[in-house]
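Numbering (the working numbering), first residue to last: 571 to 695.
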């Protein structure tokens with residue numbers, strides 16, 4: 571069975587993000603973050619992602635490939651170290667700023683993440 575090949579653990583990040591439609595705004599927000607402004611507070615104030623805005627942009631823990639972030643933003647999120655903030659990242663959804671809170675190379679997958687990865691493996695097959 572194709573889905574059975576999904577391991578029970580995976581590299582995961584716990585991250586926050588800010589999503590806006592305008593590149594100039596995203597660049598201005600990045601400068602504010604680099605000057606020490608709270609990522610969580612700024613996300614609550616300006617992010618256009620209604621699902622995470624009220625939680626300070628918190629995306630929780632997630633592995634690669636389950637669609638939490640669009641591909642370009644996900645790639646950057648996994649390249650960052652703990653505490654780092656990304657440059658402005660463009661995707662089909664808009665402009666993202668990402669802050670990685672924690673990383674774990676062998677974190678157990680939640681049942682929902684396991685199912686999403688199994689579904690992805692089946693669709694790829």
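Heads up, the beta-carbon is just placed ideally off N, CA and C, and yes, glycines get one too. Since the model is a prediction, treat every value here as computed from it, not as a measurement.
Rounding to the nearest angstrom, what Cα-Cα distance links residue 641 and residue 635 in this structure? Distance between the alpha carbons of residue 641 and residue 635: 8 Å.
Bounding residues of the alpha helix (DSSP H) (the contiguous stretch that carries residue 581): Residue 581 -> not in any alpha helix (DSSP H); beta strand (DSSP E) instead, spanning 579-590.
Buried versus exposed, by CB contacts within 10 Å (16 or more), residue 581: Exposed, because fewer than 16 other Cβ atoms sit within 10 Å of the Cβ of residue 581.
In terms of alpha-carbon separation, which member of 589, 594, 621, 643 lies closest to residue 609? 589
Residue of 612, 626, 666 minimising C-alpha distance to residue 596: 666
Here's the rule: buried if 16 or more other CB atoms are within 10 angstroms of the residue's CB, otherwise exposed. What is residue 645? Looking at its Cβ environment, which holds fewer than 16 other Cβ atoms inside 10 Å, residue 645 is exposed.
Beta-carbon proximity list for residue 603, same chain, < 8 Å, skipping 5 on both sides: 609, 612, 655, 667, 669
Segment limits, alpha helix (DSSP H) that includes residue 602: 593-604
Name, in chain order, the residues that DSSP records as bridge partners for residue 672. 584
According to DSSP, residues forming a beta bridge with residue 576: Partner(s): none; residue 576 has no beta bridge.
Within this structure, are the beta carbons of residue 576 and residue 682 separated by less than 8 Å? No, these two residues do not count as a Cβ contact at 8 Å.
Quick one: using the 10 Å Cβ neighbour count with 16 as the cut-off for buried, is residue 673 buried or exposed? buried
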